[in-house]
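Peer 1:
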Amino acid sequence: MVEFRADLHCHTTCSDGTFSPGQLLRHASDLGLSAISITDHDTIAAYHEAIPIAMSLNLPLISGVEFSTEHKGVSVHVLAYAFHLSSPIIHEFCINHSKRRKKRAMSMIRRLEQHGMRLTEEDLLGSLNSLPDSLGRPHIAQAMVKKRYVRNIQEAFAKYLGEGQCCFEAGEALSVEETLNGIHAAGGKAVLAHPHLIDSAAIVDDLLEMNFDGIEVYYARFNRKEIDKWMNVAKQRNWLVTGGSDFHGSVKENLFLGCSWAPFETYEYLHAHFLNNEFGVQAI
Ligand code: AMP
Ligand code: ZN
Ligand code: FE
Ligand code: FE
7 MVEFRADLHC HTTCSDGTFS PGQLLRHASD LGLSAISITD HDTIAAYHEA IPIAMSLNLP
67 LISGVEFSTE HKGVSVHVLA YAFHLSSPII HEFCINHSKR RKKRAMSMIR RLEQHGMRLT
127 EEDLLGSLNS LPDSLGRPHI AQAMVKKRYV RNIQEAFAKY LGEGQCCFEA GEALSVEETL
187 NGIHAAGGKA VLAHPHLIDS AAIVDDLLEM NFDGIEVYYA RFNRKEIDKW MNVAKQRNWL
247 VTGGSDFHGS VKENLFLGCS WAPFETYEYL HAHFLNNEFG VQAI
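Residues in the sequence shown are numbered consecutively from 7, following the working numbering.
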């Protein structure tokens, strides 16, 4: 029997991925994936295009988004799943993040200009027709590569855009707690994303005391030891065990779609939750 593979973490051109929602779903279908959740940074814009395409491909889809939050000055990513797609709370979060991201991007662009690297809105667009709701550092990094200010995206982050580098800007942030409250009010489930990327053990300790419903145990770059560690955390707390690739297309070439996935029981639970909670979305 072919293993049921639900990739619950991937990005599209609606945030900083390079595949459009349609391209991503067709790619998932071609790869034989069993189900998917699109988890763009701070936006659910992909679902407008994604829902009819997922239905036509007969590919089960679960609502998702990856919210940027902060705890004691440290960036924390919170995945939300199975929420009502027309939830006003989720929409308000996305609108606020979009404004925050545009302001922050402009501020980083001003800093780059002070370092002799001028970028216009056209440079940021790349191959897009309009700027995405969720403008991020990878868009700036790609524009810097195109203008030959740096050789590649990694160099852009290492020298200028990475946390603590000269042109980095954190921007205003939302707390983990207010994000968790919003997700729950929207009928969703909140999952701590890629916990192994959080360097501070004290921050992780704080997060594990919070009101999460799950933790991303299976993640692109997890090794066996990491999986066991976070699986134990999930078991102790009776949290959902999720998983996904964090696919971004060509901006993160080493992460391919479907390289990590969630256990079938998690998919089954979240999919049923998504459909049965009167989310106004037809069964797909
Ligand atoms: P932002 O949401 O604007 O803070 O940008 C976060 C995105 O930048 C995520 O997709 C990260 O994976 C990506 N990113 C962060 N650090 C690096 C890096 N060193 N090289 C490439 N991408 C990175
Ligand atoms: Zn990203
Ligand atoms: Fe993330
Ligand atoms: Fe991600």
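Built from N, CA and C at the ideal position, the CB exists for glycine as well.
Is the beta carbon of serine 104 sitting closer than 7 angstroms to the one on aspartate 139?
Peer 2: Locating residue 104 in the sequence shown gives position 98, where the first residue counts as 1. Locating residue 139 in the sequence shown gives position 133, where the first residue counts as 1. The answer is yes: Cβ separation under 7 angstroms.
Peer 1: Can you tell which of Leu203, Met237, Asp234, Ala191 has the C-alpha that lies nearest to the C-alpha of asparagine 217?
Peer 2: Locating residue 217 in the sequence shown gives position 211, counting from the first residue. Closest by alpha carbon: Ala191.
Peer 1: Do glutamate 119 and ligand 5 come close, with the Cβ less than 6 angstroms from some heavy atom?
Peer 2: Because ligand 5 does not appear in the structure shown, any question about it cannot be addressed here, the ligands present being ligand 1, ligand 2, ligand 3 and ligand 4.
Peer 1: Glycine 220 to valine 8, Cα distance in whole Å?
Peer 2: Indexing the sequence shown from 1 puts residue 220 at position 214. Indexing the sequence shown from 1 puts residue 8 at position 2. C-alpha separation (whole angstroms): 26 angstroms.
Peer 1: Can you list, in chain order, the residues of its chain whose CB lies under 6 angstroms from that of proline 269, leaving out five sequence neighbours each side?
Peer 2: Position 263 of the sequence shown holds residue 269. Answer for proline 269: Val247, listed in chain order.
Peer 1: When you compare only the Cα positions, how much space is there between leucine 203 and glutamate 72?
Peer 2: By 1-based counting over the sequence shown, the position of residue 203 is 197. By 1-based counting over the sequence shown, the position of residue 72 is 66. Here the alpha carbon of leucine 203 sits roughly 15 angstroms from the alpha carbon of glutamate 72.
Peer 1: Whose C-alpha, out of Phe253, Arg116, Leu276, is nearest the C-alpha of phenylalanine 25?
Peer 2: In the sequence shown, the residue the question calls residue 25 occupies position 19. Cα-wise, what sits closest to phenylalanine 25 is Phe253.
Peer 1: Rounded to the nearest angstrom, what separates leucine 198 and alanine 56 at their Cα positions?
Peer 2: As a position in the sequence shown, residue 198 is number 192, starting the count at 1. As a position in the sequence shown, residue 56 is number 50, starting the count at 1. Roughly 24 angstroms between the two C-alpha positions.
Peer 1: Whole-angstrom Cβ separation of histidine 200 and histidine 17, contact assumed at under 8 angstroms?
Peer 2: Position 194 of the sequence shown, counted from the first residue, corresponds to residue 200. Position 11 of the sequence shown, counted from the first residue, corresponds to residue 17. Contact doesn't hold; Cβ gap of about 13 angstroms is too wide.
Peer 1: With DSSP as the reference, identify every bridge partner of serine 81, one or two as the case may be.
Peer 2: Counting from 1 along the sequence shown, the entry for residue 81 is found at position 75. DSSP, once it has assigned bridges, lists Glu76 as partnering serine 81.
Peer 1: What is the rounded straight-line gap between the Cα of phenylalanine 163 and the Cα of valine 156?
Peer 2: As a working mapping, residue 163 is identified with position 157 in the sequence shown. As a working mapping, residue 156 is identified with position 150 in the sequence shown. In this structure, the CA atom of phenylalanine 163 is about 10 angstroms from the CA atom of valine 156.
Peer 1: Output yes or no for whether 7 angstroms exceeds the beta carbon distance between tyrosine 280 and glycine 193.
Peer 2: Here residue 280 refers to the residue found at position 274 when the sequence shown is read from its first residue. Here residue 193 refers to the residue found at position 187 when the sequence shown is read from its first residue. The sequence shown places phenylalanine at residue 280, not tyrosine. Taking 7 angstroms as the Cβ cut-off, phenylalanine 280 and glycine 193 do not qualify as a contacting pair.
Peer 1: List the whole-angstrom C-beta distance separating arginine 107 from aspartate 48, where the pair is believed to meet the contact cut-off of C-beta under 8 angstroms.
Peer 2: Numbered from 1 along the sequence shown, position 101 holds the residue referred to as residue 107. Numbered from 1 along the sequence shown, position 42 holds the residue referred to as residue 48. At roughly 7 angstroms, the Cβ-Cβ gap stays under 8 angstroms, so arginine 107 and aspartate 48 are in contact.
Peer 1: Reducing DSSP to helix, strand and coil, say where leucine 246 ends up.
Peer 2: Residue numbering aside, residue 246 sits at position 240 when the sequence shown is read from its first letter. Strand.
Peer 1: Of all residues in the structure, which have a C-beta closer than 6 angstroms to any heavy atom of ligand 3, taken in chain order?
Peer 2: Result: Glu72, His83, Ala199, His200.
Peer 1: Give me the Cβ distance between glycine 250 and tyrosine 225, rounded to the nearest whole Å; I'm assuming they're in contact under 8 angstroms.
Peer 2: The residue given as residue 250 occupies position 244 in the sequence shown. The residue given as residue 225 occupies position 219 in the sequence shown. Right, the Cβ-Cβ distance comes to about 7 angstroms (below 8 angstroms), so this counts as a contact.
Peer 1: Between which residues of its own chain and isoleucine 115 is the CB-CB distance below 6 angstroms, once the five residues before and five after are set aside?
Peer 2: Indexing the sequence shown from 1 puts residue 115 at position 109. Hits under 6 angstroms: Leu125.
Peer 1: Could you check where the alpha helix (DSSP H) with glycine 188 kicks off and where it finishes?
Peer 2: In the sequence shown, the residue the question calls residue 188 occupies position 182. Residues 182 to 191.
Peer 1: Suppose you measure from the CA of serine 62 to the CA of glutamate 215; what does that come to, to the nearest Å?
Peer 2: In the sequence shown, the residue the question calls residue 62 occupies position 56. In the sequence shown, the residue the question calls residue 215 occupies position 209. Taking the straight line joining both Cα atoms gives about 41 angstroms.
Peer 1: Glutamate 271: buried (16+ other C-beta within 10 angstroms of its C-beta) or exposed?
Peer 2: Here residue 271 corresponds to residue number 265 of the sequence shown, with the count starting at 1. Glutamate 271 is exposed by the Cβ-count criterion.
Peer 1: Mind checking isoleucine 290: buried by the 16 CB within 10 Å criterion, or exposed?
Peer 2: Here residue 290 refers to the residue found at position 284 of the sequence shown. The predicted position of isoleucine 290 is uncertain, since its pLDDT is 45 and thus under 50; no value can be drawn from it.
Peer 1: Alpha carbons only, please: which of Leu14, Arg110, Gly142, Asn158 is nearest the one belonging to isoleucine 68?
Peer 2: Position 62 of the sequence shown, counting from 1, holds the residue named residue 68. Cα-wise, what sits closest to isoleucine 68 is Leu14.
Peer 1: At 4 residues or longer, and completely inside the segment 192 to 274: list those alpha helix (DSSP H) runs for me, N to C.
Peer 2: 207 to 214, 230 to 243, all fully within the segment 192 to 274.
Peer 1: Around the C-beta of cysteine 20, are 16 or more other C-beta atoms found within 10 angstroms, so that it is buried, or is it exposed?
Peer 2: Taking the first residue of the sequence shown as 1, we reach residue 20 at position 14. By the neighbour-count rule (16 or more Cβ atoms within 10 Å), cysteine 20 is buried.
Peer 1: So, for isoleucine 59: in the same chain, excluding its five sequence neighbours on each side, which residues have a beta-carbon less than 6 angstroms away from its beta-carbon?
Peer 2: Taking the first residue of the sequence shown as position 1, residue 59 is located at position 53. For isoleucine 59, where only same-chain residues beyond five positions count, the Cβ hits under 6 angstroms are Gly28, Leu31.
Peer 1: Below 8 angstroms on the Cβ atoms is my contact criterion, and I expect leucine 263 with alanine 52 to pass it. Report the Cβ-Cβ distance as a whole number of Å.
Peer 2: Locating residue 263 in the sequence shown gives position 257, counting from the first residue. Locating residue 52 in the sequence shown gives position 46, counting from the first residue. Actually they do not touch by this definition, with Cβ atoms about 14 angstroms apart.
Peer 1: Just the C-alpha distance for isoleucine 209 and leucine 180, rounded to the nearest angstrom, thanks.
Peer 2: As a position in the sequence shown, residue 209 is number 203, starting the count at 1. As a position in the sequence shown, residue 180 is number 174, starting the count at 1. Approximately 16 angstroms between the Cα atoms of the pair.
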